[in-house]
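Just so you know, the protein sequences line up as chains H and W, in that order. Residues are numbered in my numbering as their position in the first sequence, beginning at 1, plus a constant of 17. Residues are numbered in my numbering as their position in the second sequence, beginning at 1, plus a constant of 17. One structure below.
There are 2 protein chains.
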Amino acid sequence: MRARDIDKENLVKKTAIEIIGKGGFEHFSINKLAKACGISVATLYIYYKDKEDLLSSLATELGRKMGDAMLKDFDPESSFEAGLRQQWLNRYHYMIENQSISLFFEQVRTSSYQEQFLKAFAEDLKNVFGKFMDNIVARGEINAMPLEVYWSVAFAPLYALIKFNNEGQSLGGKPFKLTDEMFWQAFDLVVKALKR
Amino acid sequence: MRARDIDKENLVKKTAIEIIGKGGFEHFSINKLAKACGISVATLYIYYKDKEDLLSSLATELGRKMGDAMLKDFDPESSFEAGLRQQWLNRYHYMIENQSISLFFEQVRTSSYQEQFLKAFAEDLKNVFGKFMDNIVARGEINAMPLEVYWSVAFAPLYALIKFNNEGQSLGGKPFKLTDEMFWQAFDLVVKALKR
DNA sequence: CATAAGTAAATGAATATTCACTTATATTTG
DNA sequence: CAAATATAAGTGAATATTCATTTACTTATG
Numbered sequence: 018m019r020a021r022d023i024d025k026e027n028l029v030k031k032t033a034i035e036i037i038g039k040g041g042f043e044h045f046s047i048n049k050l051a052k053a054c055g056i057s058v059a060t061l062y063i064y065y066k067d068k069e070d071l072l073s074s075l076a077t078e079l080g081r082k083m084g085d086a087m088l089k090d091f092d093p094e095s096s097f098e099a100g101l102r103q104q105w106l107n108r109y110h111y112m113i114e115n116q117s118i119s120l121f122f123e124q125v126r127t128s129s130y131q132e133q134f135l136k137a138f139a140e141d142l143k144n145v146f147g148k149f150m151d152n153i154v155a156r157g158e159i160n161a162m163p164l165e166v167y168w169s170v171a172f173a174p175l176y177a178l179i180k181f182n183n184e185g186q187s188l189g190g191k192p193f194k195l196t197d198e199m200f201w202q203a204f205d206l207v208v209k210a211l212k213r
Numbered sequence: 018m019r020a021r022d023i024d025k026e027n028l029v030k031k032t033a034i035e036i037i038g039k040g041g042f043e044h045f046s047i048n049k050l051a052k053a054c055g056i057s058v059a060t061l062y063i064y065y066k067d068k069e070d071l072l073s074s075l076a077t078e079l080g081r082k083m084g085d086a087m088l089k090d091f092d093p094e095s096s097f098e099a100g101l102r103q104q105w106l107n108r109y110h111y112m113i114e115n116q117s118i119s120l121f122f123e124q125v126r127t128s129s130y131q132e133q134f135l136k137a138f139a140e141d142l143k144n145v146f147g148k149f150m151d152n153i154v155a156r157g158e159i160n161a162m163p164l165e166v167y168w169s170v171a172f173a174p175l176y177a178l179i180k181f182n183n184e185g186q187s188l189g190g191k192p193f194k195l196t197d198e199m200f201w202q203a204f205d206l207v208v209k210a211l212k213r
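Rendered as structure tokens:
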């Protein structure tokens, strides 16, 4: 029996991520992907049942990996500031080390594959972060508030900065690169917002 | 000379916004649009040079209108809190009154038409809001910081809440509707973050 | 040498765009 | 004032291309 070429399989994933990250699902097609990889379309149909399967597999796999990266060194029993710092750091490091994947996620988040992605991504996370939020509210470190209000204040600024950084530009096309200084500046503001 | 049917033209715009808002650019096509409007494809090629022209015209026009809505009753000489409140209110009201357009924008923001949109959107706004930021820093109401850090803390939470609301769900598919209470709760947190 | 990996070429459906044509109406002309 | 004309609006059917997927075949290797 002939063994599957792992390099080829990885090339497919990497290339798909790049095409989608750059041009969105609008400009992605199976034929383009095969051509960009220098392989036959039919090979893709050995790896994946169909286009839907390819994309949702990719979204699920990457979602899971990202979820794991988010949980690294995170302790739901830690204090509000220490816990939030770890979450910000995990996202920041992941973004720097996986720029093309971050761009891919940006597309997934506004697509029909969002659900697949969130399922893999949010399953464990929701429990761990939910627990963290319960703890810090119970300890009186932050006020009680709807999850969405907390999330929007605690993380939306970080994701906005990451998006600017990945696209290389901010408002009105102004060139932009996120620095550690800006990162911590934003973090401190968010802590100030939420801390009692 | 025959006059162009304005109703038809508006129907085209409205329908395009709906299709894209619902399914993204991925599921949008000229033929589908024509069929949904009950007109001939060829008519669309009278209104617009090609697909690209149709979409970037739409993004530009709506960007401009939204920009105008953002500036309503906004005074760059006002205090930090009053100014930010007006900006939040303008965005909030616009979202409520233009839900399908808000969904359309959500798609534009991760597409290749983002640039067109931002250009129309940010041209005037940048000056007015830049002036506002200069004023409040000069008056010592907030600390000096990069525009992107300010923007990410001041507005990203609001956009996150609006996105949840437009999609009708938040993290992990949890049903969600933004209330006035949550809106003001988030606003107060953001003010607390930025105020000296 | 059996078996799965891998392929080139083909399929029909969907896509963007164009074509040759008809229709409505503002303006001109008798 | 009404018939004629010009012109852009509007059309249905055709085109060429791209799409997702399949088929019939070759190749590599346990």
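Yeah, the Cβ is synthetic: ideal placement off N, Cα and C, and Gly gets one too.
Using a Cβ cut-off of 8 angstroms (strictly closer), state whether residue 95 of chain W contacts chain H.
-> The residue labelled residue 95 of chain W in the question sits at position 78 within the second sequence. Cβ-Cβ to chain H under 8 angstroms: no for residue 95 of chain W.
Contact set between the region 102 to 128 of chain H and chain W, restricted to residues whose Cβ is under 8 angstroms from the partner | 123, 124, 126, 127 and 128
Are the region 101 to 112 of chain W and the region 160 to 176 of chain W touching by the rule of at least three beta carbon pairs closer than 8 angstroms?
-> yes
Once you ignore the five residues that flank residue 185 of chain W on each side, which residues in its own chain have a CB closer than 7 angstroms to its CB?
-> Indexing the second sequence from 1 puts residue 185 of chain W at position 168. 192 and 193.
Could you tell me whether the Cβ atoms of residue 2 of chain H and residue 43 of chain W are closer together than 8 angstroms?
-> Nothing about residue 2 of chain H can be read from this structure; chain H reaches only from 18 to 213.
Proximal residues to residue 69 of chain H (C-beta, below 7 angstroms), its chain only, five neighbours per side dropped = Counted from its first residue, the first sequence places residue 69 of chain H at position 52. Nothing meets the Cβ criterion.
Would you please verify whether the beta carbon of residue 88 of chain W is less than 8 angstroms from any beta carbon of chain H?
-> Here residue 88 of chain W refers to the residue found at position 71 when the second sequence is read from its first residue. Closer than 8 angstroms: no.
Answer yes or no: do residue 73 of chain W and residue 130 of chain W have a C-beta to C-beta separation smaller than 8 angstroms?
-> Locating residue 73 of chain W in the second sequence gives position 56, counting from the first residue. Locating residue 130 of chain W in the second sequence gives position 113, counting from the first residue. Yes.
Spatial neighbours of residue 80 of chain H in its chain, beta-carbon cut-off 6 angstroms, leaving aside the 5 residues before and after = Your numbering for residue 80 of chain H matches position 63 in the first sequence. Answer for residue 80 of chain H: 134, 137 and 138, listed in chain order.
Out of curiosity, what's the CA-to-CA distance linking residue 158 of chain H and residue 98 of chain H?
-> For the purposes of this step, residue 158 of chain H is taken as the residue at position 141 of the first sequence. For the purposes of this step, residue 98 of chain H is taken as the residue at position 81 of the first sequence. Distance between the alpha carbons of residue 158 of chain H and residue 98 of chain H is about 9 angstroms.
Three-state class that DSSP yields for residue 192 of chain H in the structure shown = Taking the first residue of the first sequence as 1, we reach residue 192 of chain H at position 175. Three-state DSSP puts residue 192 of chain H in a strand.
May I ask you to report which of helix, strand or coil DSSP gives residue 89 of chain H?
-> Here the question's residue 89 of chain H lines up with position 72 in the first sequence. Note: residue 89 of chain H maps to coil in three-state DSSP.
Using a threshold of 8 angstroms, state whether the C-beta atoms of residue 124 of chain W and residue 41 of chain W are closer than that.
-> Translated into the one-based positions of the second sequence, residue 124 of chain W becomes position 107. Translated into the one-based positions of the second sequence, residue 41 of chain W becomes position 24. Yes.
So what does DSSP say about residue 212 of chain H, is it helix, strand or coil?
-> Residue mapping note: residue 212 of chain H aligns to position 195 of the first sequence, counting from 1. Here residue 212 of chain H sits in strand by DSSP.
Between which two residues does the alpha helix (DSSP H) carrying residue 174 of chain H extend?
-> Here residue 174 of chain H corresponds to residue number 157 of the first sequence, with the count starting at 1. Taken as a continuous stretch (DSSP letters only), the alpha helix (DSSP H) holding residue 174 of chain H covers 173 to 184.
For residue 176 of chain H and chain W, any beta-carbon pair shorter than 8 angstroms?
-> For the purposes of this step, residue 176 of chain H is taken as the residue at position 159 of the first sequence. Chain W, which has a Cβ nearer than 8 angstroms to the Cβ of residue 176 of chain H, makes this yes.
Supposed close pair residue 77 of chain W, residue 53 of chain W - CB separation, criterion 8 angstroms | Numbered from 1 along the second sequence, position 60 holds the residue referred to as residue 77 of chain W. Numbered from 1 along the second sequence, position 36 holds the residue referred to as residue 53 of chain W. With 8 angstroms as the limit, residue 77 of chain W and residue 53 of chain W do not qualify as a contact, their Cβ atoms being about 22 angstroms apart.
Note down the Cα distance separating residue 149 of chain W from residue 59 of chain W, rounded to an integer number of angstroms.
-> Position 132 of the second sequence, counting from 1, holds the residue named residue 149 of chain W. Position 42 of the second sequence, counting from 1, holds the residue named residue 59 of chain W. Straight-line Cα distance between these residues: approximately 47 angstroms.
Work out the CA separation of residue 188 of chain H and residue 51 of chain W for me, nearest whole Å.
-> Counted from its first residue, the second sequence places residue 51 of chain W at position 34. Counted from its first residue, the first sequence places residue 188 of chain H at position 171. Approximately 34 angstroms between the Cα atoms of the pair.
Within 8 angstroms, strictly: CB atoms of residue 199 of chain W and residue 29 of chain H | For this step, residue 199 of chain W is matched to residue 182 along the second sequence. For this step, residue 29 of chain H is matched to residue 12 along the first sequence. It is not a contact, given that the beta carbons lie outside the stated cut-off.
Tell me, please, whether the CB atom of residue 83 of chain H is closer than 8 angstroms to any CB atom in chain W?
-> Within the first sequence, numbered from 1, the residue matching residue 83 of chain H stands at position 66. Residue 83 of chain H does not count as touching chain W.
Are residue 154 of chain W and residue 88 of chain W touching if we call contact CB-CB under 8 angstroms?
-> For the purposes of this step, residue 154 of chain W is taken as residue 137 along the second sequence, with counting starting at 1. For the purposes of this step, residue 88 of chain W is taken as residue 71 along the second sequence, with counting starting at 1. Contact flag unset, no.
Take the Cβ of residue 180 of chain W as the centre, count every other Cβ of all protein chains shown within 10 Å, and call the residue buried at 16 or more, exposed below.
-> The residue you call residue 180 of chain W lines up with position 163 of the second sequence. The residue in question, residue 180 of chain W, is buried, as its Cβ has 16 or more Cβ neighbours within 10 Å.
Please list the residues of the region 189 to 201 of chain W that have a C-beta atom closer than 7 angstroms to any C-beta atom in chain H, keeping them in chain order.
-> 189, 190, 193 and 199
Cβ of residue 203 of chain W within 8 angstroms of any chain H Cβ = Within the second sequence, numbered from 1, the residue matching residue 203 of chain W stands at position 186. Chain H, which has a Cβ nearer than 8 angstroms to the Cβ of residue 203 of chain W, makes this yes.
Reducing DSSP to helix, strand and coil, say where residue 36 of chain W ends up.
-> The count along the second sequence starts at 1 and reaches residue 36 of chain W at position 19. DSSP places residue 36 of chain W in helix when its eight states are reduced to three.
Spatially closest choice to residue 142 of chain W from W:27, W:101, W:168 and W:85, by CA coordinates = In the second sequence, residue 142 of chain W corresponds to position 125, counting from 1. Ranking the options by Cα distance to residue 142 of chain W, first place goes to W:85.
Expected contact under 8 angstroms - CB spacing of residue 61 of chain W and residue 71 of chain W to nearest Å = Working through the second sequence from its first residue, we reach residue 61 of chain W at position 44. Working through the second sequence from its first residue, we reach residue 71 of chain W at position 54. Correct: roughly 7 angstroms between the Cβ atoms.
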